[in-house]
Structures are given as C-alpha cells and as structure tokens.
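The structure appears below as structure tokens.
There are 2 protein chains.
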Amino acid sequence: MMTTTTHNLASLGEFGFIARLRQKLRDQAGRTDVVLGIGDDCSACTLPAGELLLTSTDLLIENIHFRRDWTSLYALGRKSAAVNLSDIAAMGGTPRYLHLGLGLPQDLALDELDAFCDGFLDECRAAGALLCGGDTCRSQTGMFISVSVQGTVPADQLVRRSGGQPGDRLYVSGTLGDSALALHLLRQGQAPPPTLARRHHQPTPRLALGRAVAVAGLAHAMIDLSDGLLADLGHILQQSQLAACLDPAALPLSADVRRHLNHQPEDLDVVLRGGEDYELLFSAPPEAAPRLEQLAVRLALPLTAIGSLQPGEGLWLCRPDGSRQPVEARGFNHFQSGQPA
Amino acid sequence: MMTTTTHNLASLGEFGFIARLRQKLRDQAGRTDVVLGIGDDCSACTLPAGELLLTSTDLLIENIHFRRDWTSLYALGRKSAAVNLSDIAAMGGTPRYLHLGLGLPQDLALDELDAFCDGFLDECRAAGALLCGGDTCRSQTGMFISVSVQGTVPADQLVRRSGGQPGDRLYVSGTLGDSALALHLLRQGQAPPPTLARRHHQPTPRLALGRAVAVAGLAHAMIDLSDGLLADLGHILQQSQLAACLDPAALPLSADVRRHLNHQPEDLDVVLRGGEDYELLFSAPPEAAPRLEQLAVRLALPLTAIGSLQPGEGLWLCRPDGSRQPVEARGFNHFQSGQPA
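Protein chains in written order, with UniProt numbering: chain A, 1 to 341; chain B, 1 to 341.
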C-alpha cells in the first residue's frame with residue numbers, strides 16, 4: 001500500500017485522506033458487527049449482549065512520547081494501537097473497535113502517513129479489532145495521535161486494580177525494562193540492541209494473557225505496565241489498600257538488560273521506574289500457581305512471581321536475606337519531567 | 001470549584017490532576033450504569049440491551065481550532081464536549097459517556113484548567129452524559145484536546161447520511177452562519193456582537209431535536225453542520241447519490257447576520273461555507289412537514305425548509321424566479337487552508 005510519489009497532505013486533502021484510509025479497510029467489509037464504519041457522524045457498532053463496554057484513550061505527542069527520527073512510522077502506527085489495546089488486556093477484555101485522531105504536520109510525506117496507517121491497521125488486525133472512525137486535522141507543531149479503544153468483557157470477568165488480596169502473589173509477564181533501557185540509551189545518543197529497540201518501538205499487548213487470566217478467574221487485580229513497575233504497582237496498592245514486597249532478584253530480565261546491569265548496576269532504577277513495558281502485572285492467590293505455570297507454557301510467555309501483597313501500606317524491596325528497603329511508588333510524571341521523549 | 005492560587009500543572013502533577021478531576025465528578029457517584037469510571041486501565045460501562053453503540057471523536061488543537069486569547073477556558077471546555085455531543089445528535093442517538101485526552105502546556109494556570117474542566121463537565125451534565133476516563137500529558141506547544149463520545153440508539157432509529165430520497169425536503173435547525181461570521185470578524189480584528197460570539201465559542205448540540213426526529217422516524221438522512229452548510233450537504237448528496245437545490249432566500253439567518261449581509265452581501269459565502277454551526281441538517285419527506293412544525297414549537301427551535309433532494313448529481317442555488325446556479329459542495333479543508341483558527 002506504499003506509494004513512491006512524494007505527495008503530501010496538502011495535495012491529498014482531508015477527505016482524500018479519509019477515502020484513502022477507507023480503501024485500506026476493505027477487508028473489514030465482511031464484519032457484520034460494524035453497522036457504520038468511517039464516513040458518517042458516528043460509527044455504529046454492535047456489542048455482545050450483556051457484556052460491559054470497556055474504553056480507554058491514549059495520547060501520543062511528538063517529542064513528548066516519540067521522536068520521528070528514532071522510530072519508523074510503521075512501528076509508530078503499530079505502537080499507537082498497541083498501547084491502547086494493552087489497556088483492554090489489563091481488564092481481561094476482548095478488543096473490538098478503535099477510533100483514531102490524527103493531527104498531522106502539513107509537510108508529512110504521504111508514504112510516511114501510509115506507513116503509519118499500515119502499522120496501525122496491522123496491529124488492529126492482529127488483535128481482531130477494527131478501526132471504525134476518527135478525526136484528522138493539520139498540526140503546526142508535529143504529529144498528535146489520539147487513540148480510543150473499545151472492548152468488552154462479561155461483567156463477572158472484569159479484573160480491576162482494586163481487587164488485590166493480602167497474601168496474593170504478584171506476577172509479571174515477559175521481561176521488564178527492555179523498553180526503558182532502549183530509551184535510556186537513545187537519550188544518551190547510543191543505538192540500543194535491536195531486540196531492545198523493537199520492544200520500545202513496537203510493544204506487544206498481552207491480550208491472550210489478559211483474557212485467559214480473566215476467563216479462568218486467576219487474578220484478583222491487574223494493570224498494564226505503562227508508567228513503570230513501581231508506579232503501576234503503586235496504583236494497585238493504592239486502590240487495593242495494601243502493601244507489597246518485591247524481590248529485586250526475581251525480576252524477569254532479558255539477556256540484553258542483564259548484560260547492561262552487569263556493567264552498570266545503578267541502572268536498575270531504569271528497570272524499576274522506566275515505563276512502556278506493556279507487560280501485565282497481576283496479583284493471584286498462591287493456589288493459582290499451578291494453573292499460571294500451565295498458562296505460561298500454553299502462551300509461550302514467561303509469568304514470573306516477583307513479590308506479594310501484604311496488609312498495611314507501603315512498597316518494599318525485600319531480599320532473600322530478610323532485609324527490607326522502602327521504595328517510592330513513582331515512575332514517569334508527565335507534568336514534572338523536563339526531559340522530552 | 002475555582003481556585004485563586006496560581007499553581008500550575010507542574011506543581012499539581014498528572015495524578016494530582018486526575019484526583020482533582022475525580023473530586024469534580026462526585027455527583028456521578030449515583031450512576032449505576034458506570035461500573036468503573038476514571039482510575040483504572042479502562043472505564044467499564046453498561047449499555048441499554050439491544051441498542052447500537054455510537055462513537056465519535058474530535059480533535060481541538062490550539063491555534064488551529066481555537067485561540068486562547070479569543071475564548072474563555074470555560075467556554076472552550078463546553079465547546080469541546082458540545083461538538084462531540086453534536087455528532088450523537090446527528091445519528092438520532094442518546095449520549096452516554098465521554099473520554100477526554102488533554103495535552104497541556106506546562107505553564108497553564110490551574111484556575112484556567114479548572115475553568116476548562118468545569119465547562120466540559122457542565123456540558124456533559126446538560127446532556128445527561130458522563131466523563132468516564134481519559135489521558136493527560138504535557139504539551140510543548142499549546143493545548144491539544146481530544147474528545148471521544150459514546151451514545152446509543154435503537155438500531156431501527158439510526159439516521160445515516162446515506163438515507164436521503166428524491167423529493168425529500170431539506171431542513172436546518174436554528175440559524176446559519178452566526179459562528180462563521182463571528183470567526184470572520186475576529187480574524188479581521190473586530191469584536192463580534194455578543195450573540196454571535198457566544199454561538200461561536202459555546203455552540204449548542206441539538207440533542208433533543210436529533211432524538212425526537214429519530215424516534216418519530218421523520219428524517220431519511222441527517223448530519224450536523226460542522227464543516228459548513230454546502231460541505232455537509234455535499235456529504236449527504238454523495239452518500240445518498242442525489243442532487244440538491246437550495247433556496248438562498250430561505251436560509252434562516254439571525255438578526256445580526258442579516259444586518260451584516262445588508263452592508264456586505266458578498267459575505268453570504270461565509271454563511272454558506274463557514275463551519276461550526278452545530279445545527280442539524282436533515283432530509284424529510286414532504287408529508288412530515290406538519291409534524292416537524294409541531295416539533296419546532298415543542299422544542300422552541302426553528303426548523304426551516306431550505307431546499308430539496310433531487311435525482312442526479314450536483315448542488316444548485318435555485319431562486320424563486322427559476323434561475324439555477326451550480327455551487328461547489330466545499331467548506332473548510334483542514335489540510336489546504338493556510339489560515340489558522
């Protein structure tokens with residue numbers, strides 16, 4: 001679907017862009033759940049009877065959330081959908097429909113816009129979700145991306161942040177810190193290893209895991225890791241009104257992160273506080289352990305116990321020798337950091 | 001809910017802002033249709049059984065869609081919700097839930113942010129709709145507002161753009177061109193009359209009209225006027241595969257617009273092509289006329305027949321003397337205009 005011409009948006013126009021996008025969506029034509037897609041005042045869609053409507057919205061702003069010289073537009077398109085789909089995963093839901101708002105610089109090349117849309121739609125397709133509408137306008141100051149995702153979940157399968165129980169084990173999927181370390185290296189002017197770069201630029205929403213955990217009722221509380229492990233665990237603690245112990249030695253780390261920490265152990269903070277893992281963090285009762293082990297095998301996705309929920313307040317790093325060190329449940333704060341991207 | 005201190009966002013922080021917003025939403029606590037509002041990965045809401053989910057999303061970008069020196073932040077908050085609610089009206093739906101994405105300059109004063117939120121929530125309340133979630137981040141380049149609205153409509157009451165029939169009369173609600181003329185004057189450095197300024201800065205979504213027309217089955221096709229009368233009528237013509245005649249003498253104009261056109265008749269184009277009326281344009285069979293007259297009285301909202309749909313293609317200004325002048329179904333194009341706001 002790429003074009004080799006160098007047209008830009010000014011020559012295409014708003015309605016030309018919408019027509020072009022509709023062409024890319026021809027494979028949605030068979031979906032009877034969408035009564036009206038792009039092209040009316042609203043989309044009109046059906047939902048499974050009796051299920052709750054889940055909705056999340058995320059902004060991605062150029063030079064705040066991404067830099068165009070660090071990412072391909074295709075990866076950015078995938079990521080824009082993925083970070084939203086991850087929120088549906090965190091509730092145990094099934095993703096259904098996406099709406100895309102785009103503020104576009106007038107000089108954006110048409111093949112870059114095509115690459116963005118192709119990435120966005122590929123990520124939607126991989127999740128079985130459909131782009132049903134949106135809004136586009138020009139921007140005088142870089143790309144603005146606003147994505148809204150809708151999913152559904154049977155009411156008795158909804159997994160909240162607030163459901164944690166004392167004695168629950170804390171699990172995370174995948175590995176932690178890959179994305180944050182990639183960003184850390186990019187900011188220092190270094191090229192991150194390709195596996196880390198991919199984890200940063202093109203994260204994978206853990207939809208199958210979230211859904212499986214919800215269907216089987218294995219998790220009491222769940223969240224996706226977008227703001228960093230400590231901050232996102234902090235949300236569970238605050239809403240479940242509990243404390244937690246984390247074993248830093250138990251954190252699942254990729255070979256690349258492990259190698260880096262061997263040389264620069266002080267960067268453990270990047271792993272603990274850096275965001276954008278888009279893994280799931282959930283609390284589960286100890287008796288769920290065997291079924292979670294089976295689930296990890298079935299999904300070919302590591303699930304690692306990294307600590308536990310406890311009565312009280314606070315967050316501690318607890319080492320096997322019995323020592324406890326309090327840590328602040330804090331990650332990246334959008335209004336307090338002065339550092340772009 | 002205003003504060004007189006001069007705190008800004010950097011001192012409040014992202015989660016401080018979210019906590020503040022939740023305080024403003026305490027009156028939603030009794031709504032049992034919202035299972036989870038702000039504060040989890042997704043909102044979780046119920047919908048009336050068997051109804052279609054309607055969704056629309058709109059972007060408002062500073063210096064493209066608005067200028068902070070021309071509007072109060074309270075009015076901007078109301079407008080941000082209103083322009084989205086208007087899309088629900090255009091489908092004949094009932095608005096339910098909104099999600100708000102905000103990119104905020106770090107120096108935005110907290111009382112300005114409060115005013116924006118108060119306006120947004122007042123508009124939601126007036127529509128019986130609830131703010132259920134969103135995303136906030138800092139912006140290096142002015143305010144960036146992304147709103148997503150959800151509503152519902154029984155499937156047999158959905159009013160599309162594509163349903164127009166030859167012989168239908170074309171109706172518009174309210175008056176046309178007030179908003180566009182206000183903007184035209186602002187751009188020329190003049191202060192618009194207060195009634196026009198209010199129509200531009202704080203438009204009224206025609207929710208009761210859209211719903212009444214849908215319930216009674218009075219309209220074949222409907223759209224809200226955001227891009228300008230000619231452009232939006234063009235969408236109905238394109239999707240209904242029909243032509244239209246408009247009688248320019250029949251256009252409903254406010255006293256302020258009429259007075260302006262007396263002196264500057266060349267500005268009729270501002271009325272025909274200028275956007276942001278947020279009135280409803282719909283096509284209805286001639287036999288619906290008596291019921292539409294009753295509806296106009298009941299809602300205290302003028303409904304004016306301004307032309308008709310005809311077989312074929314094209315858009316004409318048709319005068320009572322029988323003369324026909326072709327016009328282009330074109331309004332404001334976001335990527336081709338070089339003029340901000």
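Yeah, the Cβ is synthetic: ideal placement off N, Cα and C, and Gly gets one too.
Per-residue DSSP class, three states only, for residue i
| i | result |
| --- | --- |
| Ile-236/B | helix |
| Tyr-74/A | helix |
| Pro-154/A | strand |
| Gln-28/B | helix |
| His-184/B | helix |
| Ile-18/B | helix |
| Gly-119/B | helix |
| Ile-64/A | coil |
| Ser-162/A | coil |
| His-334/A | Bear in mind that a pLDDT of 49 at His-334/A, under 50, signals an unreliable position, so the model cannot answer this. |
| Val-257/B | helix |
| Ala-109/A | strand |
| His-201/A | helix |
| Ser-80/B | helix |
| Cys-124/A | helix |
| Thr-195/A | helix |
| Ser-323/A | coil |
| Leu-301/B | coil |
| Leu-209/A | helix |
| Ser-86/B | helix |
| Asp-58/B | strand |
| Ser-11/A | helix |
| Leu-104/A | strand |
| Pro-290/A | helix |
| His-220/A | coil |
| Gln-339/B | At Gln-339/B the pLDDT is 40, less than 50, meaning the model places this residue with poor confidence; the figure from the coordinates comes in the next sentence. In the structure shown, Gln-339/B sits in coil (DSSP, three-state: anything other than H, G, I, E or B). |
| Ser-179/B | helix |
Selected residue, minimal CA-CA separation from residue i, among the options
| i | options | result |
| --- | --- | --- |
| Arg-169/A | Gly-307/A, Pro-320/A and Ala-243/A | Gly-307/A |
| Asp-247/A | His-260/A, Val-297/A and Arg-324/A | Arg-324/A |
| Glu-313/B | Ala-244/B, Ala-89/B and Ala-127/B | Ala-244/B |
| Val-149/A | Asn-84/A, Leu-102/A and Asp-114/A | Asn-84/A |
| Ala-82/A | Glu-51/A, Ala-49/A, Glu-62/A and Gly-128/A | Gly-128/A |
| Asn-63/B | Gln-190/B, His-263/B, Glu-112/B and Gly-142/B | Gly-142/B |
| Gly-174/A | Leu-317/A, Glu-123/A, Thr-304/A and Ser-86/A | Thr-304/A |
| Gln-140/B | Gly-39/B, Leu-108/B, Asp-114/B and Glu-123/B | Leu-108/B |
| Ala-197/B | Asp-256/B, Asp-40/B, Tyr-171/B and Pro-252/B | Asp-256/B |
| Glu-112/B | Leu-76/B, Leu-251/B, Cys-132/B and Cys-137/B | Leu-76/B |
| His-220/B | Ser-240/B, Arg-298/B and Ser-86/B | Ser-240/B |
| Arg-319/B | Ala-249/B, Thr-57/B and Pro-285/B | Ala-249/B |
| Gly-164/A | Pro-285/A, Asn-262/A and Thr-136/A | Pro-285/A |
| Ala-191/A | Asp-58/A, Leu-12/A and Thr-71/A | Thr-71/A |
| Val-147/B | Thr-57/A, Gly-92/A and Pro-203/A | Thr-57/A |
| Gln-238/B | Leu-272/A, Arg-78/A and Ala-19/A | Ala-19/A |
| Leu-54/B | Leu-52/A, Asp-40/A, His-65/A and Phe-120/A | Asp-40/A |
Inter-residue Cα distance where the pair is residue i and residue j
| i | j | result |
| --- | --- | --- |
| Thr-5/B | Pro-105/B | Summary for Thr-5/B: the model assigns pLDDT 40, below 50, so the residue's position carries little reliability, and this model does not support an answer. |
| Gly-16/A | Gln-23/A | 11 Å |
| Val-270/A | Leu-100/A | 31 Å |
| His-200/B | Pro-193/B | 11 Å |
| Val-153/B | Ile-145/A | 28 Å |
| residue 352/A | Thr-94/A | As displayed, chain A neither begins before 1 nor continues past 341, which places residue 352/A out of reach and without an answer. |
| Arg-259/B | Asp-267/B | 11 Å |
| Gln-188/B | Leu-60/B | 22 Å |
| Arg-125/A | Ser-254/B | 49 Å |
| Gly-37/B | Gly-133/B | 6 Å |
| residue 410/B | Leu-233/B | Residue 410/B lies beyond the stretch modelled for chain B, which goes from 1 to 341, so this question has no answer here. |
| Ile-236/B | Val-172/B | 13 Å |
| Arg-138/B | Pro-252/B | 42 Å |
| Ala-208/B | Glu-293/B | 15 Å |
| Ala-49/B | Leu-183/B | 43 Å |
| Ala-296/A | Ala-44/A | 37 Å |
| Gln-264/B | Thr-136/B | 44 Å |
| Leu-229/A | Leu-309/A | 14 Å |
| residue 354/B | Thr-32/A | Limits of chain B in this structure are 1 at one end and 341 at the other, which puts residue 354/B out of reach. |
Integer-rounded CB distance, given that residue j should sit under 8 Å from residue i
| i | j | result |
| --- | --- | --- |
| Gly-30/A | Ser-179/A | Actually they are not in contact, since the Cβ atoms of Gly-30/A and Ser-179/A sit about 35 Å apart, beyond 8 Å. |
| Asp-118/B | Tyr-74/B | 6 Å |
Inset, instruction - Count the CB pairs spanning the region 221-231 of chain A and the region 266-280 of chain A that are closer than 8 Å, and state whether there are at least three. - result: Remark: three or more beta-carbon pairs, one from each stretch, lie closer than 8 Å, so the region 221-231 of chain A and the region 266-280 of chain A are flagged as touching.
Legend entry - Sufficient close CB pairs (3 or more, under 8 Å) joining the region 208-220 of chain B to the region 155-163 of chain B: Taking a cut-off of 8 Å for Cβ pairs, the region 208-220 of chain B and the region 155-163 of chain B touch, as three or more such pairs fall below it.
Legend entry - chain E contacts from the region 48-63 of chain B (Cβ-Cβ distance under 7 Å): Looking for chain E here will not work: the only protein chains present are A and B.
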